[in-house]
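Trainee: Got a structure here, written out as structure tokens. Questions coming.
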Amino acid sequence: MMALVFIKYLPEWTLWFILGGIAVYDLFAVLCPKGPLRILVETAEERNEPIFPSLIYSSTMMWTVAIGMADGGEPVSSYNPLNNSTGSSANSSPPERAQHAQPQMEMEPEEQGVKLGLGDFIFYSVLVGKAATADDWNTVMACFVAILIGLCLTLLILAIVKKALPALPISIFVGIIFYVCTRWCIKPMCDQMALSQVYV
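According to our numbering, the sequence shown is numbered sequentially starting from 191.
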């Protein structure tokens, strides 16, 4: 909804400056020692508390089944996504249940997986939505692929440095480059090839 408001009511160049400015601000907010998002993350780590679930998208939903097997070959413990609890088979004794449930308790799901700020999705949507106003599917797909490339590069860097990173800058800057190249270079070339009836 917010992305639609940006696309509909803001002039084109204002929107591009906002996208670039937000990406630069994201760098400052996460990486600077006094950045607000860095302070938020460090405070949550000091207090050993999770960041507000309403602010982030987390990939920690675990749909694992059967972490151990009973003597009869039935699963002893499994994760139930509906009630967020660990279920056990009927023919296992209480000590066995506690023994098999313990590894799952030690995993601390809040600390596993990738967390992405929900605000990032707004600006990804703005980029793709703005590309859609160009009436060219090549531009839309180029921006979509650029966001995925940026997220993959961010995750790769995250795996190397193992600390909080901004998710916007790489995706937004790669997306803007892809948009410009597709809209003003590839689209005219494809149109000219179509007029000349040249097909690749």
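Even for Gly, the Cβ is constructed at its ideal location relative to N, Cα and C. The structure presented is a predicted model; accordingly, all values stated were derived computationally and were not measured.
Counting along the chain, where does the alpha helix (DSSP H) carrying L217 start and finish?
Mentor: If you number the sequence shown from 1, residue 217 lands on position 27. Per DSSP, L217 belongs to the alpha helix (DSSP H) from E202 to L221.
Trainee: Suppose contacts are defined by Cβ-Cβ distances below 8 Å. Is V316 in contact with I241 by that definition?
Mentor: Along the sequence shown, read from residue 1 onward, the residue named residue 316 stands at position 126. Along the sequence shown, read from residue 1 onward, the residue named residue 241 stands at position 51. Their beta carbons are not under 8 Å apart, which means V316 does not touch I241 by this criterion.
Trainee: Helix, strand or coil for L345 per DSSP?
Mentor: Here residue 345 refers to the residue found at position 155 when the sequence shown is read from its first residue. Of the three classes helix, strand and coil, the one that applies to L345 here is helix, per DSSP.
Trainee: When you compare each of L227, M379, A357 and K305 to N328 by their alpha carbons, which one comes out closest?
Mentor: Along the sequence shown, read from residue 1 onward, the residue named residue 328 stands at position 138. Answer by Cα proximity: M379.
Trainee: Starting from the C-beta of D310, find all residues in its chain whose C-beta is less than 7 Å away, skip the five residues before and the five after it, and write them out in chain order.
Mentor: For the purposes of this step, residue 310 is identified with residue 120 of the sequence shown, where counting begins at 1. So the list reads A357 and L358, once near-sequence residues are dropped.
Trainee: Any heavy atom of the ligand FMN inside 7 Å of the beta-carbon of L385?
Mentor: Annotation note on the ligand FMN: not contained in the displayed structure, which lists no ligands.
Trainee: Does the Cβ of G211 have 16 or more other Cβ atoms within 10 Å, making it buried, or fewer, making it exposed?
Mentor: The residue labelled residue 211 in the question sits at position 21 within the sequence shown. Exposed: under 16 other Cβ atoms inside 10 Å.
Trainee: Look up K305 in the DSSP assignment and say whether it is helix, strand or coil.
Mentor: To locate residue 305, count along the sequence shown from 1; it is residue 115. Correct three-state label for K305: strand.
Trainee: Using the DSSP secondary-structure output, state which residues sit across from I246 in a beta bridge.
Mentor: The count along the sequence shown starts at 1 and reaches residue 246 at position 56. For I246, which the question treats as bridged, DSSP gives the partners G307.
Trainee: If you draw a straight line from the alpha carbon of P339 to that of I246, how long is it in whole angstroms?
Mentor: Within the sequence shown, residue 339 is the residue found at index 149, counting from 1. Within the sequence shown, residue 246 is the residue found at index 56, counting from 1. One detail in the question is off: residue 339 reads as Ile in this sequence, not Pro. In a straight line, the C-alpha of I339 is about 21 Å away from that of I246.
Trainee: Can you list, in chain order, the residues of its chain with a C-beta nearer than 7 Å to that of A213? Leave out the 5 residues immediately preceding and following it.
Mentor: Stepping through the sequence shown from its first residue, residue 213 is reached at position 23. Counting only Cβ-Cβ distances below 7 Å, and skipping sequence neighbours, we find L358, P359, I362 and F363.
Trainee: Measure the alpha-carbon distance for L205 versus V370 and round it to whole angstroms.
Mentor: Stepping through the sequence shown from its first residue, residue 205 is reached at position 15. Stepping through the sequence shown from its first residue, residue 370 is reached at position 180. So the two alpha carbons sit approximately 14 Å from each other.
Trainee: So, using beta-carbon positions, are L355 and I347 closer together than 8 Å?
Mentor: Taking the sequence shown and counting its residues from 1, the one referred to as residue 355 is at position 165. Taking the sequence shown and counting its residues from 1, the one referred to as residue 347 is at position 157. Yes; because the gap between Cβ atoms is below 8 Å, this pair is in contact.
Trainee: Going straight from the alpha carbon of C333 to that of V318, what length do you get?
Mentor: Here residue 333 refers to the residue found at position 143 when the sequence shown is read from its first residue. Here residue 318 refers to the residue found at position 128 when the sequence shown is read from its first residue. Straight-line Cα distance between these residues: approximately 6 Å.
Trainee: Assuming the contact rule is C-beta atoms closer than 8 Å, R373 and A324 should be a hit. Round their C-beta distance to whole Å, please.
Mentor: Start at 1 with the first residue of the sequence shown, and residue 373 comes out as number 183. Start at 1 with the first residue of the sequence shown, and residue 324 comes out as number 134. Going by Cβ atoms, the distance from R373 to A324 rounds to 6 Å, so yes, they are a contact pair.
Trainee: Helix, strand or coil: which one does DSSP assign to I241?
Mentor: To locate residue 241, count along the sequence shown from 1; it is residue 51. The answer is coil: DSSP assigns I241 none of H, G, I, E or B.
Trainee: Using beta-carbon positions only, say whether I337 and A193 come within less than 8 Å of one another.
Mentor: For this step, residue 337 is matched to residue 147 along the sequence shown. For this step, residue 193 is matched to residue 3 along the sequence shown. Taking 8 Å as the Cβ cut-off, I337 and A193 do not qualify as a contacting pair.
Trainee: Return helix, strand or coil for S386, following the three-state DSSP convention.
Mentor: Along the sequence shown, read from residue 1 onward, the residue named residue 386 stands at position 196. DSSP places S386 in coil when its eight states are reduced to three.
Trainee: Taking Cβ to Cβ, would you say L227 is nearer than 8 Å to A219?
Mentor: Residue numbering aside, residue 227 sits at position 37 when the sequence shown is read from its first letter. Residue numbering aside, residue 219 sits at position 29 when the sequence shown is read from its first letter. Yes, the pair counts as a contact, with Cβ atoms nearer than the cut-off.
Trainee: Considering only their Cβ atoms, is the gap separating V304 from L345 smaller than 8 Å?
Mentor: Residue numbering aside, residue 345 sits at position 155 when the sequence shown is read from its first letter. Residue numbering aside, residue 304 sits at position 114 when the sequence shown is read from its first letter. Contact flag set, yes.
Trainee: May I have the straight-line CA-CA distance separating C342 from K353, to the nearest angstrom?
Mentor: As a working mapping, residue 342 is identified with position 152 in the sequence shown. As a working mapping, residue 353 is identified with position 163 in the sequence shown. Roughly 16 Å between the two C-alpha positions.
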